[in-house]
Amino acid sequence: MTRRARPLSQPEFNLTRRFPGLSSVQVKARFDVAEDGSYEPTLLTTTGDPTADVVIMGKLLEYKWLPAMEKGVPVKDSRVLDISLEG
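Counting in the working numbering, the sequence shown runs from 34 upward without gaps.
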């Protein structure tokens with residue numbers, strides 16, 4: 034049986050105070066998670082605000098991941114998450 038990679042912890046985005054025009058915006062991010070839980074995030078959609086996108090990328094680096102498991106052995110996995118900019 035295979036278990037997908039999953040976030041152990043994830044940051045609060047809560048960016049609507051800093052970027053009030055983005056209150057209803059969601060972005061998609063891909064996380065390529067290695068066998069040791071390290072990962073590489075990629076922003077798949079943009080907010081349209083380059084400064085907000087840089088701040089979001091910084092927040093994506095605050096995630097902690099459990100790697101995927103296959104037959105008890107850690108394996109690579111990619112996950113795509115929808116991220117709301119509200120808390």
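Even for Gly, the Cβ is constructed at its ideal location relative to N, Cα and C.
Being a predicted model, the structure only gives us computed values, none of them experimental.
Query raised in the report: When you compare only the Cα positions, how much space is there between S111 and G81?
Result: 25 Å
Query - Distance CB(L99)-CB(F46) smaller than 7 Å - result: no
Query - Three-state secondary structure assigned by DSSP to A85 - result: helix
Query raised in the report: For T35, which beta-bridge partners are listed by DSSP?
Result: Residue pairing by DSSP places T35 opposite E103 in a beta bridge.
Report task. Have a look at P53, T35, L55 and V66 and flag the residue whose alpha-carbon is nearest the alpha-carbon of L41. Result -> V66
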